[in-house]
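Student:
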Amino acid sequence: MESLTSTEFAEGLMHIESLRLRNFRCFGDEAQTISFDPALTAVVGANGAGKTAIIAALQKLFATRAEDRPPFDA
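Mapping of the sequence shown onto the numbering used here: position 72 corresponds to residue 72, and the numbering continues sequentially without gaps.
Okay, structure coming up:
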């Protein structure tokens, strides 16, 4: 199997570049931006680092009902 670069892998696919969190679970008043590589396959970190919060934020973002989605900042 041939190895692909991040750009080649992401070509033609949806990719989340970053996620900005503020006042959500363990993320406080100051906004934190988490950047994602197109070839990301796992979220890892120490206990209490916010791994579950990141996944929960993405679940909210992709909620199937519009009323379940958070408001977006432009």
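C-beta atoms are modelled at their ideal positions from N, C-alpha and C, and glycine is treated no differently. Only a predicted model underlies this, so the values are computations on that prediction, with no experimental measurement involved.
Just the Cα atoms here: how many angstroms apart are N47 and A56?
Tutor: By one-based count along the sequence shown, residue 47 stands at place 47. By one-based count along the sequence shown, residue 56 stands at place 56. Computed Cα separation, rounded: 16 Å.
Student: Starting from T33 and walking both ways along the beta strand (DSSP E), at which residues does that stretch end?
Tutor: Here residue 33 is taken as the residue at index 33 of the sequence shown, counted from 1. Element bounds for T33: Q32 to S35.
Student: From the DSSP output, in three-state form, read off L19 for me.
Tutor: The residue labelled residue 19 in the question sits at position 19 within the sequence shown. The answer is strand: DSSP assigns L19 an E or B state.
Student: Taking the straight line between their C-alpha atoms, what separation do you get for M14 and R20?
Tutor: Within the sequence shown, residue 14 is the residue found at index 14, counting from 1. Within the sequence shown, residue 20 is the residue found at index 20, counting from 1. Their Cα atoms are separated by approximately 18 Å.
Student: Rounded to whole angstroms, what's the CA-CA distance from S18 to S35? Just pull it up for me.
Tutor: One-based indexing of the sequence shown puts residue 18 at position 18. One-based indexing of the sequence shown puts residue 35 at position 35. Computed Cα separation, rounded: 4 Å.
Student: Would you mind reading off the limits of the alpha helix (DSSP H) that contains A49?
Tutor: What you label residue 49 is simply residue 49 of the sequence shown in a count that begins at 1. Careful: A49 lies outside any alpha helix (DSSP H) and carries neither H nor E.
Student: Would you kindly work out how many angstroms separate the C-alpha atoms of C26 and E67, rounded to a whole number?
Tutor: Taking the first residue of the sequence shown as 1, we reach residue 26 at position 26. Taking the first residue of the sequence shown as 1, we reach residue 67 at position 67. Spanning the two alpha carbons is a distance of roughly 23 Å.
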